[in-house]
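Report on the structure given below.
Numbering (our numbering), first residue to last: 208 to 541.
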């Protein structure tokens, strides 16, 4: 495990250290996607398990507990995240890629109960559970976790991480100390991206909505990320059938998100306001804005929002994308 500290987390870390004596048994880290919330949770978990934390509250990095933690083998730490789906071992199935589940199952929560019944492997007796993303809990697993939060075991810290707190049960949120994770300023984010060697940092930061980690990832996947706007810029000349296959290859959720960003900017430019995400494509957006019916565009945008909400559903994604792209191409006049 590589532990990372981001400069924009400093204020949140200091707030937690000031409140450490009255810290709740459950902490909810919430905030924008792509700002390093999981890294913060891991750093905090490591510090809480460390045998000799420093004066500023960080782990020492040298004790046996820190050694276990960075090797992903700490016996008093658990990270819960969506599991890989079980695929039958048949010749046909073996050729398919293993899909990652989008949910944290009740089985995982029940197994956690067994872990919490054990004694700590260290003298101070602390155990830490990180749940990421907490909004991946389904109704059953959320209710099972709620019972643990209502009657927490001694010396156990739950750290829940989410970019979508509105998806959590209100009863779970009410049992957590909540910490809004800070978003870096544009200057902080650009400085960090440039330190990482990311070219065109301003463009990628804008495309990622101000999230520096998402911007760094997008820059690495440049060709994949640019596929969607390159095709959508064709407007009525778009070939929906070939484009659907290309979009499906990057995943339905990623394609739908990129499609949403493009439509957001197209609506903005049509309304004579500034584009937010596609700073390279202003000319193409302005050209399309002159050929589109605004009411039809807004109706299509709402339809795409509905599709995005069910992006993880096991539908025939390519057929669904063909239908969407065909409708999109028809929005524009000759």
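Even for Gly, the Cβ is constructed at its ideal location relative to N, Cα and C.
Ends of the beta strand (DSSP E) at residue i?
{"i": "residue 455", "result": "Per DSSP, residue 455 belongs to no beta strand (DSSP E); it is in the alpha helix (DSSP H), 447-456."}
{"i": "residue 387", "result": "384-387"}
{"i": "residue 337", "result": "334-338"}
{"i": "residue 287", "result": "284-287"}
{"i": "residue 233", "result": "233-237"}
Taking Cβ to Cβ, would you say residue i is nearer than 9 Å to residue j?
{"i": "residue 264", "j": "residue 215", "result": "no"}
{"i": "residue 408", "j": "residue 426", "result": "yes"}
{"i": "residue 333", "j": "residue 255", "result": "yes"}
{"i": "residue 323", "j": "residue 360", "result": "yes"}
{"i": "residue 248", "j": "residue 366", "result": "yes"}
{"i": "residue 287", "j": "residue 319", "result": "yes"}
{"i": "residue 348", "j": "residue 394", "result": "no"}
{"i": "residue 434", "j": "residue 470", "result": "no"}
{"i": "residue 262", "j": "residue 273", "result": "no"}
{"i": "residue 553", "j": "residue 527", "result": "This structure cannot speak to residue 553, because the chain is shown only from 208 to 541."}
{"i": "residue 514", "j": "residue 455", "result": "no"}
{"i": "residue 419", "j": "residue 400", "result": "yes"}
{"i": "residue 384", "j": "residue 230", "result": "yes"}
{"i": "residue 222", "j": "residue 250", "result": "no"}
{"i": "residue 501", "j": "residue 478", "result": "yes"}
{"i": "residue 466", "j": "residue 529", "result": "no"}
{"i": "residue 392", "j": "residue 238", "result": "no"}
Nearest-angstrom Cα distance between residue i and residue j?
{"i": "residue 337", "j": "residue 351", "result": "16 Å"}
{"i": "residue 311", "j": "residue 453", "result": "30 Å"}
{"i": "residue 396", "j": "residue 440", "result": "28 Å"}
{"i": "residue 354", "j": "residue 210", "result": "31 Å"}
{"i": "residue 234", "j": "residue 253", "result": "15 Å"}
{"i": "residue 240", "j": "residue 368", "result": "10 Å"}
{"i": "residue 546", "j": "residue 445", "result": "Missing from the structure shown is residue 546; the chain here goes from 208 to 541 and no further."}
{"i": "residue 375", "j": "residue 540", "result": "43 Å"}
{"i": "residue 271", "j": "residue 259", "result": "10 Å"}
{"i": "residue 341", "j": "residue 358", "result": "19 Å"}
{"i": "residue 524", "j": "residue 450", "result": "12 Å"}
{"i": "residue 382", "j": "residue 356", "result": "7 Å"}
{"i": "residue 468", "j": "residue 499", "result": "17 Å"}
{"i": "residue 343", "j": "residue 309", "result": "6 Å"}
{"i": "residue 442", "j": "residue 422", "result": "26 Å"}
{"i": "residue 321", "j": "residue 278", "result": "22 Å"}
{"i": "residue 269", "j": "residue 335", "result": "19 Å"}
{"i": "residue 436", "j": "residue 232", "result": "45 Å"}
{"i": "residue 289", "j": "residue 497", "result": "44 Å"}
{"i": "residue 531", "j": "residue 398", "result": "38 Å"}
{"i": "residue 364", "j": "residue 346", "result": "22 Å"}
{"i": "residue 493", "j": "residue 217", "result": "41 Å"}
{"i": "residue 406", "j": "residue 313", "result": "43 Å"}
{"i": "residue 276", "j": "residue 404", "result": "28 Å"}
Using the three-state DSSP reduction, which class does residue i fall into: helix, strand or coil?
{"i": "residue 444", "result": "helix"}
{"i": "residue 363", "result": "strand"}
{"i": "residue 244", "result": "helix"}
{"i": "residue 369", "result": "strand"}
{"i": "residue 344", "result": "strand"}
{"i": "residue 313", "result": "helix"}
{"i": "residue 424", "result": "helix"}
{"i": "residue 390", "result": "coil"}
{"i": "residue 491", "result": "helix"}
The alpha helix (DSSP H) spanning residue i covers which residue range?
{"i": "residue 403", "result": "It is not in any alpha helix (DSSP H) - residue 403 carries neither H nor E in the DSSP assignment."}
{"i": "residue 523", "result": "Segment: none, residue 523 is in no alpha helix (DSSP H) and carries neither H nor E."}
{"i": "residue 512", "result": "501-516"}
{"i": "residue 460", "result": "459-477"}
{"i": "residue 278", "result": "Counting along the chain, residue 278 falls outside any alpha helix (DSSP H), and DSSP gives it neither H nor E."}
{"i": "residue 378", "result": "377-381"}
{"i": "residue 218", "result": "217-225"}
If we define contact as Cβ-Cβ less than 9 Å, is residue i a contact residue for chain E?
{"i": "residue 444", "result": "Absence of chain E from the displayed structure is noted, only one protein chain being present."}
Report yes or no: do three or more beta-carbon pairs, one from the segment 397-417 and one from the segment 475-490, lie closer than 8 Å?
yes
Counting Cβ pairs closer than 8 Å, one from the segment 233-246 and one from the segment 381-389, do we hit at least three?
yes
Give a yes or no on contact between the segment 499-516 and the segment 469-476, applying the rule of three or more CB pairs nearer than 8 Å.
yes
Evaluate the contact criterion for the segment 316-331 versus the segment 274-289: three or more CB pairs, one atom per stretch, below 8 Å.
Touching, yes.
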